[in-house]
Structures are given as C-alpha cells and as structure tokens.
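With positions in the sequence shown counted from 1, the corresponding number in the numbering used here is that position plus 1. Backbone N, C-alpha and C define an ideal beta-carbon position, used for all residues, glycine too. Notes follow once the structure below has been shown.
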Amino acid sequence: MNIPRTSYPRIVIIGGGFAGISLAKKLSKQEVQVVLLDKHNYHTFQPLLYQVSTGGLEPDSIAYPIRKILKDFPNFHFRLAHVNEIDTVSSKVITDIGELKFDYLVIASGSKTNYFGNEQIKANSMAMKTIPQSLNLRSLILENFEEALLTSDLNERNCLMNFVIVGGGPTGVELAGALAEIKKGILPKDYPDLDTRLAQINIIQSSDCILKGMSDQASQKAEDFLEKLGVNVWKNVRVTNYDGKTVTTNTDLTFETATLIWAAGVMGATIKGLDGAELITRGNRILVNEFNQVKGFDNIFAAGDIACLVNEEFPNGLPMMAHPAIQQGEQLGDNMLRLIEQKPMKPFEYKDKGAMATIGRNKAVVDLKRFKFQGVFAWYVWMFVHLFFLIGFRNRMVVFINWVYNYIRFDREARLIIRPFKKKLKK
Ligand SMILES: Cc1cc2nc3c(=O)[nH]c(=O)nc-3n(C[C@H](O)[C@H](O)[C@H](O)COP(=O)(O)OP(=O)(O)OC[C@H]3O[C@@H](n4cnc5c(N)ncnc54)[C@H](O)[C@@H]3O)c2cc1C
C-alpha cells in the first residue's frame with residue numbers, strides 16, 4: 002500500500018463515514034500514524050440521500066472527498082480500498098489493493114440494507130444507502146414517467162406511476178413526502194400530456210405507527226402531513242415479496258408497481274474475520290464494551306452503526322444514527338490516546354440529541370429531550386441542523402442556495418437521467 006512504517010503506532014480505520022472521520026480528525030494531530038481505508042474516496046452525508054434520489058440536490062453537494070477533509074494532517078494516509086478480511090492473528094487487514102499490518106484497528110464500516118433474507122426483494126427493489134443507489138433511483142423515477150407517457154396500456158401506465166416505499170422510518174417518510182411534492186409541483190409542469198393524478202405514493206409500515214423511534218406526537222403529525230400530501234399510509238402491513246411487478250403482503254393487499262423502494266431496515270456491514278457468531282449480536286452488529294473495544298481483543302475497536310454498545314437505556318444497542326457514530330468516533334480517539342499512553346480509558350456516554358424528520362415544505366417533526374414540536378419551525382430547525390452537520394463550506398452554501406431556490410420556485414432542478422437505470426418491467 003506504500004505506507005511507510007514510522008516510530009508512531011499505526012491505527013487503521015476501516016470506513017470514512019461519520020464515526021471514521023470524527024475519529025481520524027481527533028487522532029491526526031497526535032503522535033500516531035492514521036490510515037483510513039474506504040471503498041469510496043468520499044464521505045457521504047446519508048441523511049440527505051433522499052434529496053438526491055428526488056432531484057432536489059446534486060450528489061456532489063452531499064459528498065466530500067476524504068483526502069480533502071484530512072489534508073492538513075501529516076500523519077494521515079488514505080487508501081481507496083475494499084477491506085475483504087481482517088486477520089486478527091497476524092494483526093493485518095486484507096484488501097483489494099494489498100495487505101496492511103496494524104497496531105490498532107477500528108472498524109467503522111457502517112451498515113448495509115437488510116432484506117431479511119428475501120433474495121427476490123433484494124434483486125427487484127431499489128435501495129437508498131449510497132450515492133450510486135440514489136442516482137439509480139433518481140433515474141428510474143424519471144424513466145418511469147417518460148415510459149408512462151409512451152405506453153397506451155393503462156395497467157402498465159399505472160404500474161409505472163405507482164411508487165411503493167417499504168419502511169415508515171425517517172428515510173421512508175422523507176422520501177414519500179418528496180415524491181408527493183414532485184407529483185404536485187413538478188409532474189403537471191413537466192408532463193402536461195400525462196394524467197399525473199395516476200401517480201400514487203404508498204408507504205408501507207409493518208407496525209401500527211410510522212416514525213416508530215420518535216414520540217407518538219411526532220408519529221401522528223407525520224402521518225397527518227403525509228396524508229395531506231396525498232400519500233397512502235399503510236400500517237400493520239408486512240411486505241412478503243416483490244417479483245419486479247407485484248408486491249405481495251401478509252394481508253389481502255397487493256400493489257402493482259415498477260418501483261419498490263426498500264427502506265425497511267439496515268444491518269451491520271461486518272467484515273470476514275470478525276464476523277464470528279460469538280461477536281455478532283442483534284442487527285448483525287459487533288458487540289463492543291463501554292470503551293468500544295471488541296470482545297476478546299485489546300487492540301481492535303468498532304464504532305458507529307457497526308458497533309453494538311449496550312447500556313441500561315439502550316439494551317438493544319445505541320441507535321444506528323449519525324450522532325452516536327460521531328460521538329463514539331470522538332470519544333474513541335481520546336481513549337486510544339489514553340490507551341497508548343497507558344492511562345485508563347473512559348467509558349462512552351451517549352448524549353442523546355433527539356431525532357427529527359421532514360415530510361416536505363414547511364413540514365417537519367422534531368423530538369428533543371425537553372421539547373417536541375412540529376410544523377414550520379420544526380422544518381427550519383431540521384434545515385439548520387442538516388446544514389450544520391454537512392462537511393465543507395461549499396457544500397453548505399450549495400445546499401442552502403438550492404433549498405432557497407427550490408422553496409421560492411417550487412422546483413427540483415436536478416431531475417436529470419445522467420446514467421440510465423436499466424430495469425425491465427415485467428409484462
Ligand atoms: C437514507 C438514510 C437516511 C438517514 N437519515 C438519518 C438522519 O436523518 N439522522 C441520523 O442521525 N441518521 C440518519 N441515517 C443514519 C446515519 O447515516 C448512519 O447512522 C451513519 O452514517 C453511521 O455512520 P458510520 O460512520 O457508522 O457509517 P457510514 O456513515 O455508513 O460509513 C461507513 C463507511 O464505511 C465504508 N465501508 C464499509 N464497508 C467497507 C469495506 N469493507 N471496506 C472499505 N470501506 C468500507 C463505506 O464506504 C462508508 O464510507 C440515515 C441513513 C440513511 C441510509
């Protein structure tokens with residue numbers, strides 16, 4: 002990998018997501034060598050992926066080159082590499098560009114889409130976990146409208162204009178709201194010769210409420226907002242299969258659709274070598290102690306979505322969200338320095354910053370520890386928080402200008418099919 006061995010201890014971090022980047026930032030000014038490996042050369046701000054999928058933002062405004070984030074740190078090395086295996090006996094990682102020895106290893110590989118073992122759904126549905134997947138979805142949505150315009154078969158047109166989102170968490174809700182706004186604001190202008198009333202947006206949730214992790218108040222309000230926008234909210238319905246055209250459920254309900262978006266869950270993105278049953282717990286996450294140390298190892302840690310850190314408040318592990326990942330990365334940085342200096346490490350304490358989701362223009366729900374509010378003010382808070390956490394001044398400016406423009410013009414400029422997504426509708 003062409004990384005020099007120095008007198009400093011070498012810390013290898015797998016993953017340049019929220020946890021990996023906050024950890025690398027903490028460590029890179031210190032007397033350690035930091036090597037960050039990621040299969041992408043950019044950090045993705047996943048909370049805004051749905052805006053890329055729906056043409057609200059270009060991908061480069063929610064992604065940031067990893068090398069640029071850490072360019073000023075002399076002891077920092079980045080390599081574009083897919084880590085295939087961790088050899089815990091020889092303390093090395095095995096990647097598609099070679100092997101690398103580590104003194105300390107931090108797994109911050111995040112999570113991947115969980116299809117709960119259903120291969121047909123995996124093959125036929127659309128996921129939204131990465132920028133390429135969001136671009137595929139954007140292309141497919143737009144291609145569907147183009148095809149709907151051409152077909153004289155009403156069933157096929159309905160199918161092309163019917164969108165089914167599985168999962169009523171923040172991702173599903175935000176996507177449903179954005180699609181409803183496209184139906185209302187964009188379709189009639191872009192496709193005057195298409196009966197845009199045919200466009201249907203369905204969100205399916207297996208439990209009895211959407212935004213399950215949030216307060217009842219937020220959940221109810223979000224549902225009201227979605228219904229106001231014309232979204233069909235289906236609760237207590239579990240999707241059982243999708244063959245590319247028909248969605249079947251555990252009830253009598255079926256949906257004919259060319260687009261099933263799977264936002265029903267994620268699972269830890271484990272790596273061979275550290276994926277043994279004794280280490281893996283609920284959600285395919287690696288069990289760690291209060292110092293983020295992987296069970297049985299002094300020099301291997303995990304942080305962010307991949308790590309399952311259990312405490313009294315969170316018996317199933319901390320939520321798979323950006324804040325726990327950032328906080329774990331920062332605290333782990335301090336702890337690793339303490340460990341190297343042979344000082345006792347400090348246990349991780351999660352400071353819960355609350356949760357929020359936006360449903361559309363002037364519509365958001367915010368649950369803070371002390372306050373819960375919904376509507377226009379919540380929407381401003383949502384925007385401010387997301388702008389604040391975006392990496393890079395340019396990205397913040399671009400996103401802000403886009404949002405102002407979209408707000409004033411009721412528009413989404415990035416509705417481009419740059420890279421067509423090939424999906425053939427079953428006849
Ligand atoms: C659509 C969507 C919306 C979301 N909205 C919100 C929200 O509104 N609020 C919120 O708090 N959270 C939200 N989340 C969750 C949040 O994004 C995650 O909790 C957070 O990204 C976890 O950070 P992480 O560092 O653990 O992993 P990630 O940010 O996922 O980073 C993992 C990194 O590891 C790399 N990687 C993985 N495997 C390998 C490998 N084998 N080799 C090399 N590199 C590898 C990946 O390329 C990636 O860069 C959302 C997630 C999604 C998908």
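N-terminal and C-terminal residue of the alpha helix (DSSP H) that residue i is part of
i, result
"D335", "A323 to I341"
"Y51", "L50 to S54"
"I22", "F19 to L28"
Distance CB(residue i)-CB(residue j) smaller than 8 Å
i, j, result
"D97", "L150", "no"
"I262", "V232", "no"
"G57", "G168", "no"
"A219", "I202", "no"
"N293", "A304", "yes"
"L106", "I87", "yes"
"R283", "N242", "no"
"Q375", "K222", "yes"
"D335", "G355", "no"
"L141", "F422", "yes"
"I272", "I22", "no"
"G269", "I307", "yes"
"A25", "V13", "no"
"S430", "V234", "Beyond the ends of the chain as shown, which are 2 and 428, falls residue 430; an answer cannot be given."
"E331", "K27", "yes"
"L37", "I67", "yes"
"I108", "L310", "no"
Residue range of the beta strand (DSSP E) that includes residue i
i, result
"A64", "A64 to P66"
"N42", "No beta strand (DSSP E) contains N42, which DSSP labels as neither H nor E."
"S112", "S112 to T114"
"D276", "Neither: D276 is in no beta strand (DSSP E) and is coded neither H nor E."
"A308", "A308 to L310"
"L288", "R286 to V289"
"G269", "V267 to G269"
"F77", "F77 to L81"
"E86", "V84 to D88"
"V232", "It is not in any beta strand (DSSP E) - V232 carries neither H nor E in the DSSP assignment."
"V248", "T247 to T250"
"F74", "It is not in any beta strand (DSSP E) - F74 carries neither H nor E in the DSSP assignment."
"Y9", "Note, Y9: premise wrong, no beta strand (DSSP E); not H, not E."
"Q256", "For the sequence presented, residue 256 should be read as Phe rather than Gln. Start and end: T255 to E257."
Residue i versus the options, residue with shortest Cα-Cα distance
i, options, result
"L50", "L176, N42, M398 and N85", "L176"
"S110", "I287, T250, V382 and R410", "I287"
"E144", "M162, A128, P60 and R395", "M162"
"H41", "E32, A82 and A20", "A82"
"T249", "A358, E148 and N119", "N119"
"S153", "D196, G245 and I327", "D196"
"P5", "N407, P75, L230 and P133", "P75"
Residue-chain proximity (residue i, chain B), Cβ-Cβ < 8 Å
i, result
"M357", "In the structure shown, chain B does not exist; there is a single protein chain."
* Can you list the beta strand (DSSP E) stretches of 3 or more residues lying completely in the stretch 335-418, in chain order? -> Complete beta strand (DSSP E) runs here, min 3: 356-361, 364-368 and 373-375.
- request: Report the residue ranges of all alpha helix (DSSP H) runs contained in full by the stretch 97-146; include only those spanning at least 4 residues, in chain order.
  value: Runs of the alpha helix (DSSP H) lying entirely within the stretch 97-146 and spanning at least 4 residues, in chain order: 120-125.
Just to confirm the assignment: which complete alpha helix (DSSP H) runs, minimum length 4, are found wholly within the stretch 157-216? Contiguous alpha helix (DSSP H) elements confined to the stretch 157-216 occur at 171-182 and 188-191, taking only those with 4 or more residues.
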